[in-house]
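The structure appears below as structure tokens.
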Amino acid sequence: MSEDRRTFLKEAGFAVLGLGCGLPLVRGAFALPQHGTEEDVQSSSQWAMVVDLEKCLNEEVRAVSAAACHSEHNVPDIPDPDDKIAWIWEEKYKHVFPDQVHEHSPVEMREMPVLVLCNHCTNPPCVRVCPTKATWKRESDGIVMMDQHRCIGCRYCMAACPYGSRSFNWRDPREFIQTDGNGEMPSDFPTRTKGVVEKCNFCAERLRDGRQPACVEAVDAVPGGEGALTFGNLAEPDSEVNRILSEKHTISRRVSLGTGPNVFYVV
Amino acid sequence: MSDTAKVLIALVAVLVLAAFPTWQALGAAGEAGRPELDLPEDETQCVEDTEFMTARHMELLNQWRNAVVREGETEYTSTLGETYTMSLTGTCMGCHDNRETFCQRCHDYTNVAPRCWDCHVEPGGGGDE
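Protein chains in written order, with the working numbering: chain Y, 112 to 378; chain E, 7 to 135.
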């Protein structure tokens with residue numbers, strides 16, 4: 112069979128076009144398993160916290176938890192709200208759980224103060240966006256860690272976090288850390304510098320010594336505050352957090368986003 | 007004196023002057039310029055031997071930093087088999103308790119400015135410069 116030049120070129124052109132249409136499928140087939148492995152990185156155990164909203168209505172409970180945390184970690188007390196640094200603090204219920212209230216919800220409920228902190232998410236969006244791996248999810252216990260040595264202050268993580276759990280050091284924090292008479296800081300925990308992001312670390316340094324987080328220890332010392340914050344491991348079936356989660360009605364923040372928060376609230 | 011001799015004397019003088027930095031350094035350098043460091047009195051052995059620590063303590067500290075912060079490890083086993091807690095403010099400063107007369111003196115001499123103490127809190131409240 113003889114073909115003229117024109118027919119040959121036409122057929123060749125269609126063949127190339129056909130191949131081109133198939134390429135995205137081929138690439139898709141390769142990309143899928145890669146995406147899968149990224150999602151599969153799961154922590155073998157996961158620290159979690161349960162916050163009892165009712166017990167946290169006690170002002171002293173909220174105050175001591177933040178005070179204990181902030182002095183434990185040398186968190187600066189900056190008066191200007193724009194520059195404020197906080198690891199644990201209070202927000203109004205309507206802002207913490209925007210999808211749990213509507214215009215007819217009782218005002219007392221909407222305005223109720225709620226303790227908030229980093230949720231140490233199962234799928235932390237901050238970790239996905241960090242360009243230097245300065246923040247990462249620790250596989251051994253699920254804590255979303257920060258390595259201040261690596262943070263370049265790009266604040267991608269702050270944009271990615273849907274809970275506003277991270278603070279940026281716009282100023283040198285040392286100027287705002289209250290020192291005692293001898294010039295000693297409240298704790299020997301390293302301070303941060305201007306230009307890095309910081310947040311709650313679930314007291315990783317205390318957990319290493321087998322102690323409870325500072326906020327939990329502090330609220331337990333307040334009369335009526337025992338159990339306002341409960342800390343434990345989700346991987347241990349008998350842990351106190353698992354008992355509360357199975358017995359009581361708990362909610363967590365903005366579940367629909369799929370971040371998998373590990374701070375739960377007893378309503 | 008012949009012209010050749012004059013030129014030769016001048017040439018030697020110029021060479022000697024031009025080489026001033028070299029022979030000056032040969033004569034004056036060495037121990038005289040070195041900073042005096044306060045060493046711990048009741049300890050003779052650092053984590054590794056002195057020569058290694060002098061030359062490569064920064065590498066060891068980086069290694070410790072990554073192990074502690076990123077891997078969650080706490081203990082370091084030295085080449086002599088001793089175990090130490092990996093901590094700048096705990097282990098290092100436990101013996102070298104004066105930053106000014108140890109770290110700072112040598113860093114000034116070598117003109118390096120590590121930023122450890124921008125964040126790490128020196129035991130004893132010397133956090134600020």
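Where is the CB? At the ideal position from N, CA and C, for every residue including glycine.
- Cβ-Cβ separation between SER155/Y and ALA346/Y: approximately 7 Å, consistent with a contact (criterion under 8 Å).
- Its chain contains ASN185, PRO187 and MET296 as the residues whose beta carbon lies nearer than 6 Å to that of ILE288/Y, once the 5 sequence neighbours on both sides are disregarded; these appear in chain order.
- Per DSSP, the continuous beta strand (DSSP E) segment holding LYS248/Y begins and ends at 246-248.
- TYR274/Y is positioned such that its CB atom lies closer than 8 Å to that of VAL227/Y.
- Taking a contact as a CB-CB distance under 8 Å, the pair TYR376/Y and VAL212/Y does not count as one, their CB atoms being some 13 Å apart.
- The secondary-structure analysis by DSSP pairs THR83/E across a beta bridge with THR89/E.
- Contact with chain Y is found for VAL75/E, since one of that chain's Cβ atoms lies less than 8 Å from the residue's Cβ.
- In the same chain as LEU32/E, and ignoring 5 residues on each side of it, no C-beta atom comes closer than 8 Å to its own.
- When DSSP states are grouped into helix, strand and coil, ILE355/Y belongs to the helix group.
- Taken in chain order, the whole alpha helix (DSSP H) runs of length 4 or more contained in the segment 14-70 of chain E are 26-34.
- Contacts between HIS126/E and chain Y, judged by CB atoms closer than 7 Å, involve PRO301 in chain order.
- For a cut-off of 8 Å, the C-beta gap from GLU328/Y to THR341/Y is around 12 Å, too long to register as a contact.
- DSSP, read as helix, strand or coil, puts PRO284/Y in helix.
- By the C-beta density criterion, ARG62/E is exposed, having fewer than 16 other C-beta atoms within 10 angstroms.
- DSSP places MET257/Y inside the beta strand (DSSP E), whose first and last residues are 255-257.
- The beta-carbon of MET269/Y is placed no less than 8 Å from the nearest beta-carbon of chain E.
- For THR80/E, the chain Y residues whose Cβ falls inside 9 Å of its Cβ are ARG319, in order along the chain.
- Annotation for LYS203/Y: ARG221, GLU222, MET223, PRO224 and VAL225 place their beta carbon closer than 8 Å to its own, counting only its chain and skipping 5 residues before and after.
- For ASP258/Y, the neighbours in chain E by C-beta distance under 7 Å run, in chain order, VAL75 and ARG76.
- Where VAL240/Y is concerned, the enclosing alpha helix (DSSP H) starts and stops at 236-240.
- Within chain E, GLY78 have C-beta atoms less than 7 Å from the C-beta of SER251/Y, given in sequence order.
- The beta-bridge partner set that DSSP reports for TYR376/Y consists of VAL162/Y and ILE362/Y.
- One Cα belongs to VAL127/Y, the other to GLY369/Y, and the distance between them is close to 41 Å.
- For GLU202/Y, the enclosing beta strand (DSSP E) starts and ends at 199-203.
- For LEU318/Y, the enclosing alpha helix (DSSP H) begins and ends at 315-318.
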